[in-house]
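Q:
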Ligand SMILES: [Ca+2]
Ligand SMILES: [Ca+2]
């Protein structure tokens with residue numbers, strides 16, 4: 039059939055959904071239209087606001103998916119889509135869908151090349167490195183010529199010795215996400231024995247009054263097994279074994295992701311870019327007014343049985359959704375390229 043003979047417009051697209059994935063991007067998806075001949079594509083219509091009519095065409099898409107990027111942060115956008123065929127027949131517009139881009143996120147990264155361990159060296163307000171036995175070193179590096187060398191002293195606690203702390207620049211709350219990646223090197227002879235376990239990465243959850251509620255952590259047990267720990271479960275510290283272990287005498291990439299939520303929580307741990315533990319069953323906030331605004335990189339409570347040395351390098355900590363994906367399609371910072 040010649041296309042000019044086609045006077046029948048496609049059916050209107052349905053089920054348009056707008057998903058704000060970052061401070062500058064909204065993803066659109068919808069149910070494909072049908073046509074008596076064939077749908078050629080879709081027109082994307084947009085306006086700024088929640089009650090406006092999307093009457094400006096911003097793009098076309100050949101599939102039932104569109105990525106709208108370059109948007110303003112913390113801004114409402116309303117969309118509709120319509121289908122067209124080769125003869126130029128246009129369908130009615132779909133339902134409208136509104137999304138609000140996320141507030142500007144933040145990203146801290148450190149390759150430990152700058153030579154001092156105060157927060158100014160990191161270029162980030164709110165970073166503190168309290169450890170007295172932590173220094174820059176060129177002995178072992180994952181990238182560049184320096185890493186941070188953390189010296190565990192027998193009988194001490196990590197809070198005094200090597201604890202690195204970050205205070206978030208803004209509170210994270212219901213629906214907010216955070217990713218943190220750090221490379222670790224544990225140098226033999228190495229022991230995981232301390233009281234009671236080693237905390238590798240941890241975020242603190244508080245209530246709206248600022249009172250401590252519990253930690254969400256990557257830990258090691260006494261054998262070096264990687265644990266996911268959620269202290270918000272029935273107010274008891276619950277540890278989930280991963281079946282994976284930390285390496286000795288080898289750089290390894292550890293990443294933690296938390297979606298803070300009472301109803302749709304996600305907590306993931308990756309090792310060397312491989313998802314090794316995921317928990318979507320247990321809340322990561324006790325109630326929706328809780329906040330999380332503090333994260334520590336590393337410490338133990340006491341009872342270290344020997345002097346030993348650890349190195350860390352290539353930190354990334356961000357609330358902006360990273361572009362890399364793991365094998366399951368989850369967004370992640372991932373290993374250094
Ligand atoms: Ca048609
Ligand atoms: Ca480095």
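In my numbering, the protein residues as written are 39 to 375.
Beta carbons are placed, not taken as given, at the ideal position from N, Cα and C, and that holds for glycine.
1) So, does the region 318-333 touch the region 174-182, judging by three or more C-beta pairs under 8 Å?
2) Starting from residue 316 and walking both ways along the alpha helix (DSSP H), at which residues does that stretch end?
3) Beta carbon of residue 127: closer than 7 Å to some heavy atom of ligand 1?
4) Could you give the distance in angstroms between the alpha-carbon of residue 129 and the alpha-carbon of residue 49?
5) Per DSSP, what kind of secondary structure is residue 43 in: helix, strand or coil?
6) With three or more C-beta pairs closer than 8 Å as the rule, is the region 290-301 touching the region 233-253?
7) Answer with buried or exposed for residue 357, where buried requires no fewer than 16 other C-beta atoms within 10 angstroms of its C-beta.
8) Between which residues of its own chain and residue 211 is the CB-CB distance below 8 Å, once the five residues before and five after are set aside?
9) Inspect the beta-carbon positions of residue 315 and residue 266 and report whether they are closer than 8 Å.
10) I need the straight-line Cα distance from residue 96 to residue 119, nearest angstrom please.
11) Within 10 angstroms of the Cβ of residue 40, are there 16 or more other Cβ atoms? Answer buried if so, exposed if not.
12) Helix, strand or coil: which one does DSSP assign to residue 362?
13) Between residue 194 and residue 339, how many whole angstroms is the CB-CB distance? I'm expecting something under 8 Å.
14) Tell me the rounded alpha-carbon separation between residue 361 and residue 351.
15) Quick check on residue 371: does DSSP put it in helix, strand or coil?
16) Determine the contact status of residue 72 and residue 353, defining contact as a CB-CB distance below 8 Å.
17) If the criterion is Cβ atoms closer than 8 Å, does the pair residue 61 and residue 107 meet it?
18) For residue 320 versus residue 264, is the C-beta distance shorter than 8 Å?
19) Going by DSSP in three states, residue 49 sits in which element: helix, strand or coil?
20) In three-state DSSP terms, what is residue 196?
21) Distance check for residue 293 and residue 109, CA to CA, integer angstroms please.
A: Let me spell this out:
1) Contact fails: fewer than three Cβ-Cβ distances are below 8 Å.
2) From DSSP, residue 316 is part of no alpha helix (DSSP H) but of the beta strand (DSSP E) over 312-317.
3) The answer is yes for residue 127.
4) Rounded to whole angstroms, residue 129 to residue 49 spans 6 Å at the Cα level.
5) DSSP places residue 43 within a helical segment (H, G or I) once states are collapsed to three.
6) Taking 8 Å as the limit for Cβ pairs, the verdict is that the region 290-301 does touch the region 233-253.
7) Per the 10 Å Cβ criterion, buried.
8) Within its own chain, the residues whose Cβ lies closer than 8 Å to the Cβ of residue 211, once the five positions on either side in sequence are excluded, are 298, 323, 326, 327, 328, 329, 330, listed in chain order.
9) It is a contact, given that the beta carbons lie within the stated cut-off.
10) Between the alpha carbons of residue 96 and residue 119 lies a distance of about 10 Å.
11) Note that residue 40 has pLDDT 49, beneath the 50 cutoff, so the model's placement of it is unreliable and no number is given.
12) In this structure, residue 362 counts as strand in the three-state DSSP scheme.
13) At roughly 10 Å, the Cβ-Cβ gap does not stay under 8 Å, so residue 194 and residue 339 are not in contact.
14) Going by the C-alpha atoms only, they are around 21 Å apart.
15) Taken through DSSP and simplified to helix, strand or coil, residue 371 comes out as coil.
16) Contact flag unset, no.
17) The answer is no: Cβ separation not under 8 Å.
18) No. Outside cutoff.
19) Reduced to three states, the DSSP call for residue 49 is coil.
20) In the displayed model, residue 196 falls within a helix according to three-state DSSP.
21) Using only the alpha carbons, I get a separation of about 28 Å.
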